[in-house]
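Residues in the sequence shown are numbered from 1 upward in steps of one, following UniProt numbering.
Note that CB positions come from ideal geometry on N, CA and C, so glycine has one too.
Nothing here was measured: the structure is a model prediction, and the numbers come from that model.
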Amino acid sequence: MHNVWRYELVSISDHKTLVIESWDGTTARSKWWVSDSGKWVPKAMAKTLVKLKEIVEK
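Set out below in structure tokens:
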């Protein structure tokens, strides 16, 4: 097993949801991407939010 990602969805109002992302990288094979995360995390998170939106709105 590699990283375990979790997403908690908290309803704020009828049209707003807070998404809390967390992960456990203790079993990750490589740690290099953590120190370099500022470059790729915003783009990856935006993609994840789009995918989560598609799933919950089905």
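Relative to the C-alpha of residue i, which candidate in the options has its C-alpha closest?
i     : options                    : result
Asp5  : Ile20, Glu57, Arg29, His15 : Here the sequence assigns Trp to residue 5, which means Asp is not the residue at that position. Among Ile20, Glu57, Arg29, His15, the Cα nearest to that of Trp5 is on Ile20.
Lys23 : Glu54, Val41, Lys58        : Here residue 23 is Trp; the residue named in the question, Lys, does not match the sequence. Cα-wise, what sits closest to Trp23 is Val41.
Would you mind reading off the limits of the alpha helix (DSSP H) that contains residue i?
i     : result
Lys58 : Segment: none, Lys58 is in no alpha helix (DSSP H) and carries neither H nor E.
Taking 7 Å as the cut-off, decide whether the C-beta atoms of residue i and residue j are in contact.
i     : j    : result
Ala44 : Asn3 : no
Would you kindly report the start and end of the unbroken beta strand (DSSP E) that includes residue i?
i     : result
Arg6  : 4-13
Thr17 : 16-24
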